[in-house]
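>
Numbering (the working numbering), first residue to last: 637 to 907.
#1: Starting from the C-beta of residue 814, find all residues in its chain whose C-beta is less than 7 Å away, skip the five residues before and the five after it, and write them out in chain order.
#2: Measuring CA to CA, which of 717, 745 and 716 is closest to residue 728?
#3: Among 752, 670 and 700, whose alpha-carbon lies nearest the alpha-carbon of residue 791?
#4: Would you mind giving the Cβ-Cβ distance between residue 894 and residue 853, rounded to the nearest angstrom? I have them listed as a contact below 8 Å.
#5: Between the region 835–847 and the region 869–885, are three or more C-beta pairs nearer than 8 Å?
#6: Of all the options 799, 785, 835 and 782, which has the alpha carbon lying nearest to the alpha carbon of residue 808?
#7: For residue 714, write down the residues that DSSP places opposite it in a beta bridge.
#8: Indicate the three-state DSSP secondary structure (helix, strand or coil) for residue 812 in the structure shown.
#9: Check whether the region 671–687 and the region 642–660 are in contact - that is, three or more C-beta pairs closer than 8 Å.
#10: Of the residues 743, 775 and 707, which one's Cα is nearest the Cα of residue 803?
#11: Residue 650: buried (16+ other C-beta within 10 angstroms of its C-beta) or exposed?
#12: Can you list the alpha helix (DSSP H) stretches of 4 or more residues lying completely in the region 815–859, in chain order?
#13: Taking the beta carbon of residue 653 as the centre, do at least 16 other beta carbons fall within 10 Å, making it buried, or is it exposed?
#14: Alpha carbons only, please: which of 755, 783, 757 and 750 is nearest the one belonging to residue 798?
#15: Hey, quick one: how far does the alpha helix (DSSP H) through residue 677 stretch, first residue to last?
#16: By DSSP, does residue 794 sit in helix, in strand, or in coil?
#17: If you check the beta carbons only, do residue 857 and residue 889 fall under 8 Å apart?
#18: Quick check on this structure: which residue in 669, 711, 708 and 646 has the alpha carbon closest to the alpha carbon of residue 692?
#19: Inspect the CB distances between the region 775–783 and the region 755–763 and report whether three or more fall short of 8 Å.
#20: Write down the C-beta distance between residue 664 and residue 880 rounded to the nearest angstrom, noting that I regard them as a contact closer than 8 Å.
#21: Starting from the C-beta of residue 754, find all residues in its chain whose C-beta is less than 7 Å away, skip the five residues before and the five after it, and write them out in chain order.
#22: Does the beta-carbon distance from residue 825 to residue 819 come in below 8 Å?
#23: Within this structure, are the beta carbons of residue 715 and residue 782 separated by less than 8 Å?
#24: Tell me the DSSP secondary structure of residue 898 in three-state form.
#25: Between residue 795 and residue 848, what straight-line distance do the alpha-carbon atoms span, to the nearest angstrom?
#26: Please report how far the alpha carbon of residue 747 lies from the alpha carbon of residue 642, in whole angstroms.
#27: Using a threshold of 8 Å, state whether the C-beta atoms of residue 708 and residue 717 are closer than that.
#28: Tell me, please, whether the CB atom of residue 850 is closer than 8 Å to any CB atom in chain B?
Spelled out as structure tokens, the structure:
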């Protein structure tokens, strides 16, 4: 795979596999948390009036289904599976503020979970299909310059939202866990420190959305890999599941790098 594709066909092939692996990793990571069960999910079930004793039993079932969806999308992607992934990831993100225990920032920060399935649906031309085509395997229609523009917009929107959401944790929520994560790798972390980091990420998100230039996108890629590695360093190897689940946080910057290079190549050819 090259990060500098020069044709729409080349970019199409690479985007397809990048997004396919991305959405699969998200559901594999999320599903694994369900299999081992996670106490932090209980408020999400309570928000839907599901008792804790039932919630504990539902978690492995939900986790197994998530993993099944991930396997299926890797074997033979179908539009109905991708639509389910989009709706389910969006719903689980919405449950964060609905539960009353996590704020709206948690929803925006998970844009890297729910927007990649939508991007893959757009790549597959799902919204121009007949009903039966949602359930069948499919060849993707050729990537056009117009569709590339839509994917560019969704890509920078994803990056902006996940940066702004994560920035809100430090700038407004002042989450103690962020202080612990940065302190674990030697930073002199305190509330003032994560306030600064939070505002930096919010500004960075706005910059990415308004001016998606390559140096900024490269910086975001490195920044997100670093930040999402902190829970593993600070909290133990089990948190590798969270790193895998957040695959969209790194895959979408890579997608944007490829999209921007292709758009530049097409513009140069047309000149």
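Glycine included, C-beta positions come from ideal geometry on N, C-alpha and C.
So, to answer that:
#1: For the purposes of this step, residue 814 is taken as the residue at position 178 of the chain shown. For residue 814, where only same-chain residues beyond five positions count, the Cβ hits under 7 Å are 805, 806 and 830.
#2: Residue mapping note: residue 728 aligns to position 92 of the chain shown, counting from 1. Answer by Cα proximity: 745.
#3: For the purposes of this step, residue 791 is taken as the residue at position 155 of the chain shown. That would be 752, whose Cα lies nearest to the Cα of residue 791.
#4: Residue 894 sits at position 258 when you count from the first residue of the chain shown. Residue 853 sits at position 217 when you count from the first residue of the chain shown. Wrong, their Cβ atoms sit about 10 Å apart, outside the cutoff.
#5: no
#6: Taking the chain shown and counting its residues from 1, the one referred to as residue 808 is at position 172. Residue 808 has its Cα closest to that of 835, out of 799, 785, 835 and 782.
#7: For the purposes of this step, residue 714 is identified with residue 78 of the chain shown, where counting begins at 1. Per DSSP, 773.
#8: Your numbering for residue 812 matches position 176 in the chain shown. Looking at residue 812 - three-state DSSP - the assignment turns out to be helix.
#9: no
#10: If you number the chain shown from 1, residue 803 lands on position 167. Residue 743 is the option with its Cα nearest to residue 803.
#11: Within the chain shown, residue 650 is the residue found at index 14, counting from 1. So residue 650 ends up on the buried side.
#12: 827–846
#13: Indexing the chain shown from 1 puts residue 653 at position 17. With fewer than 16 Cβ atoms within 10 Å of its Cβ, residue 653 is classed as exposed.
#14: Taking the chain shown and counting its residues from 1, one reaches residue 798 at position 162. Among 755, 783, 757 and 750, the Cα nearest to that of residue 798 belongs to 750.
#15: As a first step, residue 677 is located in the chain shown; it is residue number 41 there, counting from the start. No alpha helix (DSSP H) holds residue 677; DSSP gives it neither H nor E.
#16: Along the chain shown, one-based indexing puts residue 794 at 158. In this structure, residue 794 counts as helix in the three-state DSSP scheme.
#17: One-based indexing of the chain shown puts residue 857 at position 221. One-based indexing of the chain shown puts residue 889 at position 253. Yes; because the gap between Cβ atoms is below 8 Å, this pair is in contact.
#18: To locate residue 692, count along the chain shown from 1; it is residue 56. Minimum Cα distance to residue 692 is reached at 669.
#19: yes
#20: Locating residue 664 in the chain shown gives position 28, counting from the first residue. Locating residue 880 in the chain shown gives position 244, counting from the first residue. That belief holds up - the Cβ atoms of residue 664 and residue 880 are roughly 6 Å apart, short of 8 Å.
#21: Indexing the chain shown from 1 puts residue 754 at position 118. These residues qualify, in order along the chain: 722 and 790.
#22: Within the chain shown, the letter at position 189 stands for residue 825. Within the chain shown, the letter at position 183 stands for residue 819. Yes. Within cutoff.
#23: Position 79 of the chain shown, counting from 1, holds the residue named residue 715. Position 146 of the chain shown, counting from 1, holds the residue named residue 782. Taking 8 Å as the Cβ cut-off, residue 715 and residue 782 do not qualify as a contacting pair.
#24: Against the chain shown, residue 898 aligns to sequence position 262. Reduced to three states, the DSSP call for residue 898 is helix.
#25: If you number the chain shown from 1, residue 795 lands on position 159. If you number the chain shown from 1, residue 848 lands on position 212. Approximately 10 Å between the Cα atoms of the pair.
#26: Against the chain shown, residue 747 aligns to sequence position 111. Against the chain shown, residue 642 aligns to sequence position 6. Computed Cα separation, rounded: 28 Å.
#27: Here residue 708 refers to the residue found at position 72 when the chain shown is read from its first residue. Here residue 717 refers to the residue found at position 81 when the chain shown is read from its first residue. Closer than 8 Å, so yes.
#28: Although the question refers to chain B, the structure presented lacks it and comprises just one protein chain.
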